[in-house]
Each structure stands twice: as C-alpha cells, then as structure tokens.
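Comments concern the structure below.
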Amino acid sequence: MQPFDYYRPESFEEAFELLSQPRKTAVAIAGGTDVIPQTRDGIRRPDLVVDIKGLPGMRDLAMTSMAPCCGAGPDECLYVGAAVRINEIARSSIVQDHWPILADAAASIGNEQIRNRATIGGNICTASPAADSAPALYVLDASVLIKGPRGEDRCLPIAQFFTGPKRNALKHAEIVAGLLIPGSPAGTLSFHEKLSRRKAGDLSIVSVAVMAFPSANSTTWRLALGAVGPTPVRAPEAEAILARGYDAEAVDLAAASAYGCCSPIGDIRSSLDYRQAMVVNLARKAIRAVVAQLPQA
Amino acid sequence: MLHDITFTVNGDRYVVAVRSHHTLLQVLREDLGITSPKRGCENGECGACTVLMDGLPVNSCMVLAPEADGAVIETAEGLSKDGILHPLQQAFIDHNAVQCGFCTPGMLMSSKALLDRTPHPSEDEIRYALVGNLCRCTGYVRIVEAVMDVAERE
Ligand SMILES: Cc1cc2nc3c(=O)[nH]c(=O)nc-3n(C[C@H](O)[C@H](O)[C@H](O)COP(=O)(O)OP(=O)(O)OC[C@H]3O[C@@H](n4cnc5c(N)ncnc54)[C@H](O)[C@@H]3O)c2cc1C
Ligand code: FES
Ligand code: FES
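The listed protein sequences correspond, in order, to chains A and B. The first sequence begins at 5 in my numbering and counts up one residue at a time. The second sequence begins at 10 in my numbering and counts up one residue at a time.
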C-alpha cells in the first residue's frame with residue numbers, strides 16, 4: 005500500500021482538524037473494509053487516514069430518548085453509533101428482538117471476518133446502491149446524525165443521505181456520529197432477503213426489505229429495494245396497493261409496480277434482464293413472506 | 010509515520026514500531042516471523058490471513074498495523090499446547106481436511122472462534138462461519154466434517 009499517516013483522534017474537534025488540513029487528502033476510516041482495498045488498488049491516495057472509531061459515542065448501541073429527529077416518543081429509539089460493527093448489530097439481542105429486519109440485513113453482509121470489522125456508518129457512507137443495511141434502514145425510517153467542523157450538528161432521514169451511486173450527503177470533513185431507529189409497534193412484521201451470485205459472501209444483485217404494521221382495520225406497508233438504481237429506493241406505489249388489501253392478486257400487482265421505482269443497470273453481478281426479473285420476483289417473495297404471517301384478507 | 014504498539018500474540022507480549030500503512034498481516038509475518046497467516050488475495054475475500062483479534066476472526070490483511078495496538082491476537086501457532094495438537098488440528102488430520110494447506114490456518118482460526126462462541130454448532134452454522142474462508146483444494150466437505158466431529162464431542 006502507498007504510505008500514509010494514521011491518526012486516532014479522541015475528540016471530534018481533533019478529528020475535524022485532521023480531516024480538514026489544507027493541501028492534504030484525508031480519509032476517515034472505521035472498519036476499513038472499503039477504504040483499505042480502495043487504497044491498495046490506488047483508487048484512493050490518502051495522505052492521512054483518520055480512525056474515527058475511538059470518538060465519543062461511536063461504539064454505543066442502546067435505547068435512547070433522543071427522540072426529536074426520529075419522530076418516536078421518548079425511550080422508543082435505538083441509537084446505533086456509526087462505528088458499531090456489523091456483527092455487533094447482527095448478534096445484539098435488543099436488535100434481534102425489536103428490529104429483527106436490521107439484524108437479518110446485517111447478518112447478510114459479506115462474511116464473518118468482514119462483519120467483525122465493517123461498521124454500519126461505513127456501510128452507509130460508502131453509499132453503494134447495494135449497501136445491504138440500506139433497504140432495512142429505509143423501511144425502518146432511520147435518521148442519520150451528522151457532526152460538522154463548525155458545530156453544526158444535523159440529522160437527515162436515511163433516504164436523503166444516499167444521493168447517488170457512491171455519493172452521500174456529507175459535506176467536507178463531516179462525520180456520521182450514529183443512526184437513530186424508531187421503535188416499531190407490537191405486532192409489526194418484517195422480512196429481508198438478498199439475492200447474490202453465491203448463497204453468501206457476495207454483494208447483492210437485488211435486496212429487498214418489507215415491513216407491515218397491522219392495526220384493527222388496516223395494515224400499513226413499507227417496501228424498499230437495494231442494488232436496483234443509483235440509490236436504494238422505497239416503492240410507494242407498491243405500499244399503497246398493499247394498504248388496500250393483500251390478496252394474491254394485490255401482491256402480484258404490488259410486486260410488479262415495485263419495478264417502476266427502479267432504474268437498474270446490468271453489471272458484473274447480473275445482466276439487466278435478469279436483474280429486472282429478479283426485482284419483481286424478490287419483491288413478491290418478500291411480500292408473500294409477510295402476508296403469510298398476517299391474518300388473511 | 011511510525012507507531013510504537015504493544016500487543017499480545019499467542020500469549021507473548023510484543024512492543025514493535027510499525028508503519029501507518031502496513032497491515033497486521035505484514036507485521037505478523039515480516040516483523041515477528043509468525044507465518045501461519047497467509048497472504049492470499051489481500052482483499053478480504055479469501056480468509057487465508059484470518060487471525061483472532063480479541064477473540065473474533067478478522068482478516069489480518071484488512072487491519073492497519075497501528076490499529077492492533079492493545080489487541081490480543083491468536084494465530085494457528087498458538088493452538089497446540091505442550092506438543093499436543095488442538096482438537097481441531099487433530100480432526101483436520103483425521104478427516105483429511107488438508108491438501109495444500111494454504112487455507113488451513115485460517116480455517117482453523119475461524120472454526121476455533123465459532124466453537125468458542127457456540128460449542129455445538131449445526132452444520133449450517135459451521136458453513137455460515139466459514140463463508141469467508143476459501144479453499145481451492147478440498148471442496149469443503151472434509152473441512153466441514155472435521156469441524157462437525159469436534160462440535161459433536163462433549
Ligand atoms: C470481501 C468483502 C465483502 C463485502 N460484502 C459486502 C456485502 O455483502 N454487503 C455490503 O453492503 N457491503 C459489503 N462489503 C463492503 C463493506 O464491507 C461495507 O460497506 C462496510 O460496511 C464498510 O464499513 P467500514 O467500517 O469497513 O468502512 P470504511 O472502509 O472504514 O469506510 C468506508 C467509507 O465511509 C467513510 N466513513 C466510514 N465511517 C464514517 C463516519 N462515521 N463518518 C463519515 N465517513 C465515514 C470512509 O471515509 C469511507 O469513505 C464487502 C467488503 C469486502 C471487502
Ligand atoms: S489475504 Fe486477507 S482475506 Fe485474502
Ligand atoms: S487445502 Fe489447499 S486451499 Fe485449502
């Protein structure tokens with residue numbers, strides 16, 4: 005690897021200073037599972053690498069009453085520090101019990117060694133359209149907490165954080181501090197599935213996350229897809245169709261309509277034709293999996 | 010840039026000066042002469058460089074050397090005790106789970122981490138734990154059998 009200097013700041017102030025040094029290319033590193041291969045391949049040529057894992061709060065995973073930006077009541081939010089490892093999320097009993105779709109999405113990423121290093125913050129900051137945490141974070145209505153060099157903390161809905169392929173909403177030297185995930189009401193159902201060339205250890209061809217919130221006389225739905233366009237997407241039309249009913253015909257219609265939100269490309273992992281077909285198949289499979297847990301319409 | 014790091018490898022404490030852009034794999038192999046972790050893809054795909062870092066399997070080619078400061082590292086060199094092989098090592102021999110041996114240290118470390126966490130895993134759990142360890146020789150069946158053998162013991 006080309007030489008660079010490594011720093012491990014202990015405060016955000018120190019980190020901002022390092023990340024905004026004039027005439028130096030600085031890169032933040034968390035798990036390094038994207039940064040290290042990119043640097044080795046010469047895609048990145050950093051002068052300094054700033055390890056942000058040790059910053060305050062970055063490794064916290066806990067319930068919080070920091071509710072303002074996630075819209076839930078006090079104590080109903082999960083705070084996930086940006087440097088929490090993917091495997092810590094996959095194995096957390098709080099996450100498995102209350103946000104199983106996030107645990108499933110985390111468990112689908114890479115392999116054991118990668119999940120022990122990779123972080124949730126790194127996964128969204130890389131902003132790959134195929135980031136496997138994304139569809140789950142989209143249906144969970146997660147918010148991203150961002151800290152900036154001039155103390156201008158801000159909070160963005162996850163869908164505004166992804167701005168294009170490998171592009172995110174961060175401004176120069178900003179750092180993602182963590183994610184806020186609203187609690188789901190009792191009875192919420194969800195399903196996550198990822199299709200890749202191999203059963204495991206590969207990036208997604210298509211991934212899908214579905215949530216349903218049953219109540220006395222109606223069920224609200226959320227559906228998101230990954231690897232099907234420049235950013236992950238929600239499929240509002242499919243959600244609206246399912247809200248009116250979820251018999252077999254409605255499920256087919258919803259799955260077909262999900263395709264309307266996508267603008268897939270063909271790439272090394274899949275031809276365009278195959279990916280188009282798989283969007284509909286995977287959406288249908290995921291919706292059916294949730295319907296199977298619901299009282300019949 | 011140089012960093013003085015202190016860490017433990019297989020129970021021995023080391024203080025070494027490492028470069029910012031070197032990896033834990035380089036430090037183990039080139040500075041300490043601990044060569045069971047292999048350099049395969051250097052890209053996080055093959056797992057030949059797998060070591061345990063604070064008890065968890067990681068690709069040592071994906072850890073920057075200064076990040077290892079304070080860590081407890083385990084490699085295949087540390088598995089046998091007083092000349093007696095670790096049960097996993099013996100099972101790999103008994104089941105002919107080794108051909109060229111390039112993947113073996115990584116396979117052993119991933120398997121050890123699994124058994125430390127889940128002493129009696131199912132076959133599916135074993136396969137899931139070994140997704141990040143590629144073997145180009147054995148076809149995996151014998152490797153999984155070797156781990157199953159140890160997993161089924163009391
Ligand atoms: C073998 C292999 C398999 C993989 N499989 C998958 C997979 O199946 N699914 C998947 O989604 N991904 C996969 N990945 C990609 C990668 O592991 C994930 O994207 C991972 O979550 C990145 O996290 P990290 O902490 O390692 O990121 P890093 O490499 O540390 O950082 C990634 C980017 O985010 C920035 N960054 C990190 N944290 C912050 C922060 N808090 N604030 C601001 N910027 C930040 C960095 O500057 C960099 O640009 C794989 C990678 C490898 C090598
Ligand atoms: S050499 Fe490290 S994963 Fe292949
Ligand atoms: S025994 Fe040769 S790579 Fe596994």
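Where is the CB? At the ideal position from N, CA and C, for every residue including glycine. Note that the structure is predicted; figures quoted are calculated from it, not measured.
Scanning chain A for C-beta atoms nearer than 7 Å to the C-beta of T59(B) yields Q117, reported in chain order. Beta-bridge pairing by DSSP links K198(A) to S211(A). Against chain A, the CB of Y137(B) has a partner CB under 8 Å away; the residue lies at that interface. In the structure shown, the three-state DSSP call for R145(B) is coil. DSSP places E161(B) outside both helix and strand once states are collapsed to three, so it counts as coil. Under the three-state reduction of DSSP, N172(A) is assigned to strand.
Rounded to whole angstroms, the separation of the alpha carbons of G87(B) and L276(A) is 49 Å.
Residues of the region 7-26 of chain A that bring their beta carbon within less than 9 Å of a beta carbon in chain B comprise P7, F8, D9, Y10, Y11, R12, in sequence order. Neighbours of V53(A) in chain B, taken as residues at a C-beta separation under 9 Å, are given in chain order as S29, H30, L73. Placement of the Cβ of G110(B) at a distance of less than 7 Å from at least one heavy atom of ligand 3 is found. If one requires a minimum length of 3 residues, no beta strand (DSSP E) run lies completely within the region 89-123 of chain B. Under the DSSP assignment, L23(A) falls in the alpha helix (DSSP H) whose first and last residues are 16-23.
Using a CB distance cut-off of 8 Å, R121(A) counts as an interface residue toward chain B. Annotation for R151(B): H104, N105, A106 place their beta carbon closer than 8 Å to its own, counting only its chain and skipping 5 residues before and after. With its beta carbon at least 8 Å from every one in chain A, P46(B) lies outside the interface. Annotated three-state conformation of D133(B) is helix, per DSSP. When the beta-carbon positions are compared, V210(A) and R279(A) come within less than 8 Å of each other.
At a Cβ-Cβ threshold of 8 Å, L183(A) and I124(A) count as neighbours.
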